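Chain order of the listed sequences is A and B. Reminder that position 73 of the first sequence reads as 143 in this note's numbering, one-by-one numbering, no gaps. Reminder that position 25 of the second sequence reads as 1083 in this note's numbering, one-by-one numbering, no gaps. Think of the CB as a built atom: it goes at the ideal place given N, C-alpha and C, for glycine as much as any other residue. Model, not experiment: these values are computed from the prediction. Down below is the structure, laid out as structure tokens.
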Amino acid sequence: NAGVTQTPKFQVLKTGQSMTLQCAQDMNHEYMSWYRQDPGMGLRLIHYSVGAGITDQGEVPNGYNVSRSTTEDFPLRLLSAAPSQTSVYFCASRSTVSGNQPQHFGDGTRLSIL
Amino acid sequence: GIQVEQSPPDLILQEGANSTLRCNFSDSVNNLQWFHQNPWGQLINLFYIPSGTKQNGRLSATTVATERYSLLYISSSQTTDSGVYFCAVRTQGGSEKLVFGKGTKLTVNP
């Protein structure tokens, strides 16, 4: 029963490098989303998806791209990493069956940009 | 947008003590969750509680939606309860965004 799986758990990049953070869920959830957490703060929404082929921007989308080709996967891409993107990234998913449902979070990816 | 305020920001307890954490929100919500972020950074779902009262072992939560607040009770605290507790809400008719409070940092000393 894997739930939401994020890879990698840790990553160090140099400024200007590109990278894809992976997120997969095995619960057949329609909604998936990416958050970032900065020191002393709660999580902020980057991008989200309400189903395969549909994505939308959240609160802090600049510098990130997403796509949703399958129900299970929702990768987050950094095209040209900047030090301001140093953060902990969380992926989440939830079901829309039977009305409102809680969000389930992965264990996070700690990303450092030098 | 909706505002979520948590109090207190920091709390230090001796093992065995009880505590109450509070979450106030500024608009009607259809989703309220409490999370525990452990020292390893993992977000643990504690409660999904848009209204009413729930209990899970030593933890319980109450949300009074009409008065726009939620309370998390921790009884007989243990050192493993240490970490940051977050309240997060999603507004009625709003987007998929969960809005998080800034959290309550709990330290339980042996």
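Measuring straight from C-alpha to C-alpha, what distance separates B:I1132 and B:S1118?
Counting from 1 along the second sequence, the entry for residue 1132 of chain B is found at position 74. Counting from 1 along the second sequence, the entry for residue 1118 of chain B is found at position 60. In a straight line, the C-alpha of B:I1132 is about 7 angstroms away from that of B:S1118.
Quick one: Cα of A:S119 to Cα of A:T77, how far?
As a first step, residue 119 of chain A must be located in the first sequence, where it is residue number 49. As a first step, residue 77 of chain A must be located in the first sequence, where it is residue number 7. Those two C-alpha atoms are separated by around 19 angstroms.
In the DSSP output, which residue or residues are listed as bridge partners for B:I1060?
Residue mapping note: residue 1060 of chain B aligns to position 2 of the second sequence, counting from 1. The partner list for B:I1060 (beta bridge, DSSP) is empty, contrary to what the question assumes.
Compute the beta-carbon to beta-carbon distance between A:L181 and A:S157, rounded to the nearest angstrom, for a pair I have assumed lies under 8 angstroms.
What you label residue 181 of chain A is simply residue 111 of the first sequence in a count that begins at 1. What you label residue 157 of chain A is simply residue 87 of the first sequence in a count that begins at 1. Right, the Cβ-Cβ distance comes to about 6 angstroms (below 8 angstroms), so this counts as a contact.
So is A:V82 in contact with chain B if we call contact Cβ pairs under 8 angstroms?
Taking the first residue of the first sequence as position 1, residue 82 of chain A is located at position 12. It does not: the Cβ of A:V82 has no partner Cβ on chain B nearer than 8 angstroms.
With a Cβ-Cβ cutoff of 8 angstroms, do A:N132 and A:R147 count as a contact?
Counting from one through the first sequence, the residue named residue 132 of chain A turns up at place 62. Counting from one through the first sequence, the residue named residue 147 of chain A turns up at place 77. Cβ atoms of A:N132 and A:R147: not closer than 8 angstroms.
Count the CB pairs spanning the segment 1139-1151 of chain B and the segment 1076-1090 of chain B that are closer than 8 angstroms, and state whether there are at least three.
yes
Chain A partners of B:F1083, CB-CB under 9 angstroms?
In the second sequence, counting from the first residue as 1, residue 1083 of chain B sits at position 25. Under the 9 angstroms cutoff, chain A gives no residues; its nearest Cβ is about 13 angstroms from B:F1083.
The beta strand (DSSP E) spanning B:L1130 covers which residue range?
On the second sequence, residue 1130 of chain B is found 72 positions in, with the first residue counted as 1. 1127-1132 is the span of the beta strand (DSSP E), which, as asked, contains B:L1130.
Which first and last residues belong to the beta strand (DSSP E) in which A:L146 is found?
The residue given as residue 146 of chain A occupies position 76 in the first sequence. Note, A:L146: beta strand (DSSP E), 146-148.
Specify the secondary structure class of B:S1140 as computed by DSSP and reduced to three states.
Mapped onto the second sequence, residue 1140 of chain B falls at position 82. Coil at B:S1140, not helix or strand.
Taking 8 angstroms as the CB-CB cut-off, is B:Y1143 touching chain A?
Against the second sequence, residue 1143 of chain B aligns to sequence position 85. No, because no Cβ of chain A sits closer than 8 angstroms to the Cβ of B:Y1143.
Pull up the CB-CB distance for B:V1166 and B:Q1136, whole angstroms please, since I reckon it's below 8 angstroms.
The count along the second sequence starts at 1 and reaches residue 1166 of chain B at position 108. The count along the second sequence starts at 1 and reaches residue 1136 of chain B at position 78. 6 angstroms between Cβ atoms; contact.
Can you tell me the Cα-Cα spacing of B:D1139 and B:G1074, whole angstroms?
Sequence index remark: in the second sequence, residue 1139 of chain B carries index 81 (1-based). Sequence index remark: in the second sequence, residue 1074 of chain B carries index 16 (1-based). Roughly 11 angstroms separates the two Cα atoms.
Who does A:H174 pair with in a DSSP beta bridge?
As a working mapping, residue 174 of chain A is identified with position 104 in the first sequence. In DSSP, A:H174 forms a bridge with A:S163.
Within 10 angstroms of the Cβ of B:Q1064, are there 16 or more other Cβ atoms? Answer buried if so, exposed if not.
Sequence index remark: in the second sequence, residue 1064 of chain B carries index 6 (1-based). With 16 or more other Cβ atoms within 10 Å, it is buried.
With a cut-off of 8 angstroms, does the C-beta of B:G1099 fall near any C-beta of chain A?
One-based indexing of the second sequence puts residue 1099 of chain B at position 41. Closer than 8 angstroms to some Cβ of chain A, the Cβ of B:G1099 qualifies, so yes.
In the structure shown, what three-state DSSP assignment does A:S119 receive?
Position 49 of the first sequence, counted from the first residue, corresponds to residue 119 of chain A. Residue state, collapsed to three classes: strand.
Hey, quick one: how far does the beta strand (DSSP E) through B:L1079 stretch, first residue to last?
In the second sequence, counting from the first residue as 1, residue 1079 of chain B sits at position 21. From DSSP, the beta strand (DSSP E) with B:L1079 extends over 1077-1083.
Terminal residues of the continuous beta strand (DSSP E) containing A:W104?
Sequence index remark: in the first sequence, residue 104 of chain A carries index 34 (1-based). 101-107 is the extent of the beta strand (DSSP E) around A:W104.
Any chance the segment 124-131 of chain A sits against the segment 169-178 of chain A, with 3 or more Cβ pairs inside 8 angstroms?
no
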